[in-house]
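>
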Amino acid sequence: MNYPILEKRLLAENIWSMTVEAPRVARSARPGQFVIVRAGETGERIPLTVADYDAERGSVTIVIQTIGVSTRKICTLEVGEALTDFAGPLGHPSEFVLHPDAAEGRRYLFIAGGVGTAPVYPQVKWLHEHGVRADVIIGAKTRDMLIYTDEMRAVADTLHIATDDGSAGFHGLVTQLLEQLVAQGEHYDEVVAIGPMIMMKFVAATTRKYGLKTTVSLNALMVDGTGMCGACRVTVGGRTRFTCVDGPEFDAHEVDFDEAMRRQAMYRSEEQRRAAIEAERAAGHVCRIGLSNR
Ligand code: FES
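Just so we're aligned: the sequence shown equals residues 797 to 1090 in our numbering.
1) Is the beta carbon of Val970 sitting closer than 8 Å to the one on Ile933?
2) Taking the straight line between their C-alpha atoms, what separation do you get for Trp812 and Thr1031?
3) Classify Leu806: buried if its beta carbon has 16 or more other beta carbons within 10 angstroms, exposed otherwise.
4) Is any heavy atom in the ligand FES found nearer than 7 Å to the beta carbon of Cys871?
5) Which one of Thr938, Lys921, Leu973 has the shortest CA to CA distance from Ala952?
6) Secondary structure at Tyr1006, three-state DSSP: helix, strand or coil?
7) Counting only runs of 3+ residues fully inside the region 1000-1054, write out the beta strand (DSSP E) ranges in chain order.
8) So, for Arg823: in the same chain, excluding its five sequence neighbours on each side, which residues have a beta-carbon less than 6 Å away from its beta-carbon?
9) Is Val1019 near the ligand FES, judged by its Cβ being under 7 Å from some heavy atom?
10) Below 8 Å between beta carbons: does that hold for Phe906 and Ala878?
11) Mapping the DSSP letters down to three states, classify His924 as helix, strand or coil.
12) Once the 5 residues before and after Asn798 are set aside, which same chain residues still bring their CB inside 8 Å of it?
13) Starting from Lys937, trace the alpha helix (DSSP H) in both directions and tell me its first and last residue.
14) Is Glu817 closer than 8 Å to Gly876 when the C-beta atoms are compared?
15) Report yes if the C-beta distance between Met996 and Ala914 is below 8 Å; otherwise report no.
16) Does the ligand FES have even one heavy atom less than 7 Å from the beta-carbon of Phe1038?
17) Could you pull out every residue in the same chain whose Cβ sits closer than 6 Å to the Cβ of Arg834, ignoring the five residues on either side in sequence?
18) Is Gly1023 near the ligand FES, judged by its Cβ being under 7 Å from some heavy atom?
19) Whole angstroms are fine: how far does the CA of Ser963 sit from the CA of Leu977?
20) Confirm the yes/no value for this check: CB of Gly1026, any heavy atom of the ligand FES, distance under 7 Å.
21) Comparing C-alpha positions only, which one of Thr838, Phe1046, Glu891, Val1041 sits nearest to Ile870?
22) By alpha-carbon positions, which one of Ala847, Thr815, Arg820, Ile860 ends up nearest to Ala808?
23) Find out if the Cβ-Cβ distance for the pair Arg1029, Arg1059 is shorter than 8 Å.
24) Could you compute how far the alpha carbon of Thr862 sits from the alpha carbon of Arg868?
25) Considering just the uninterrupted stretch of the alpha helix (DSSP H) at Ile870, what are its terminal residues?
26) What residues match up with Arg820 in a beta bridge as DSSP calls it?
27) With a threshold of 16 other CB atoms inside 10 Å of the CB of His1145, please say whether the residue is buried or exposed.
28) Please say whether Leu894 and Val928 have beta carbons closer to each other than 8 Å?
29) Label Gly1033 either buried or exposed according to how many other C-beta atoms from any shown protein chain fall within 10 Å of its C-beta, with 16 as the threshold for buried.
30) Note down, in chain order, each residue of its chain lying with its Cβ closer than 8 Å to the Cβ of Met1018, except the 5 sequence neighbours on either side.
In structure tokens:
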């Protein structure tokens, strides 16, 4: 079965959005979940988070950053062409507590960094549809790297932009903006952060000071997304967890980010990845893994 590409859009340098016809996935997808995508019979299976879904239209939107051969191959496909595989939805959906009177319910702050903005969008949209208040901070190095700002503005209570170089919005890091919002008296019950591992680590350190419950998504650690390669292994609350099976979302204050960043760094190039897989295999953690550079 093939999965035709209905829309394709360049969001920022090397970041593409694709809307794909996949009615069965669209019917059951929930915020926080991911799909495994493959282009061509010999293509590598790549886990990608769901950025949007439309059950009526039967479509699912994914956002892809081209970082290697396989992601570039997916992004060369044009509207009218088709993906070979589009398996999902996989992973545990995000958990939100809905109060019977939404106005009295929890107030969320989402902190999205770079391409991590894509998986934040369906969460904020879902809360908006259920009458729950959610503010959003989108952070990026520079204005050109911001994605999903218009979409997010339509569903967020308040949208804040932060750029490292000050080319748009707040000049500084998302954590500095978070500190400023709290100092100004903003009250949040819960924070959700999705973005680069280093950003999530420092968001967690900041919210710990305020005793603010915080959730992070570690989807960037995933390699095959099937629970078999061992690449997404992470320590959470002293226990070994697999991001693709037990997550991808975890309590930020329980995650060992330094270990997660070491693990992510092992997979930056094909050679490093191959060495890491061999080490995993020697330790008895690996059953199967593709070896191509993504
Ligand atoms: S991505 Fe989770 S085990 Fe491979």
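Note that beta-carbon positions come from the ideal geometry of N, C-alpha and C, so glycine has one too.
Concretely, from the data shown:
1) Yes; because the gap between Cβ atoms is below 8 Å, this pair is in contact.
2) Computed Cα separation, rounded: 31 Å.
3) When all chains shown are included, Leu806 counts as exposed.
4) Taking 7 Å as the cut-off, one finds no heavy atom of the ligand FES near enough to the beta carbon of Cys871.
5) Selection Thr938, Lys921, Leu973 evaluated against Ala952 yields Lys921 as nearest (Cα-Cα).
6) DSSP places Tyr1006 in helix when its eight states are reduced to three.
7) The region 1000-1054 contains these whole beta strand (DSSP E) runs: 1009-1013, 1029-1032, 1035-1038, 1045-1047.
8) Here the set comprises Ala851.
9) Yes, the Cβ of Val1019 comes within 7 Å of a heavy atom of the ligand FES.
10) In this structure, Ala878 does not lie closer than 8 Å to Phe906 by Cβ.
11) Here His924 sits in helix by DSSP.
12) Excluding positions up to five away in sequence, the list reads Ala878, Leu879, Thr880.
13) From DSSP, Lys937 is part of no alpha helix (DSSP H); its letter is neither H nor E.
14) No, these two residues do not count as a Cβ contact at 8 Å.
15) Contact flag unset, no.
16) Phe1038 Cβ: within cutoff of the ligand FES.
17) Once the five neighbours on either side are set aside, the close Cβ partners of Arg834 are Arg841, Thr880, Asp881.
18) True, at least one ligand heavy atom lies under 7 Å from that Cβ.
19) Inter-residue distance for Leu977 and Ser963 is about 20 Å (C-alpha atoms, whole angstroms).
20) The answer is yes for Gly1026.
21) It is Thr838 whose Cα lies nearest to the Cα of Ile870.
22) If we check each option's Cα against that of Ala808, Ile860 comes out closest.
23) Yes, these two residues count as a Cβ contact at 8 Å.
24) Between Thr862 and Arg868, the C-alpha separation is close to 5 Å.
25) Unbroken alpha helix (DSSP H) run through Ile870: 865-872.
26) For Arg820, which the question treats as bridged, DSSP gives no partner whatsoever.
27) No answer is possible for residue 1145: the residues shown for the chain start at 797 and end at 1090.
28) Against a cut-off of 8 Å, the Cβ pair of Leu894 and Val928 comes out as a contact.
29) By the neighbour-count criterion, in which a residue is buried when 16 or more other Cβ atoms sit within 10 angstroms of its Cβ, Gly1033 is exposed.
30) In chain order, Phe830, Pro843, Ala1027, Cys1028, Thr1039, Cys1040, Pro1044 place their CB closer than 8 Å to the CB of Met1018, counting only its own chain and leaving out the 5 sequence neighbours on each side.
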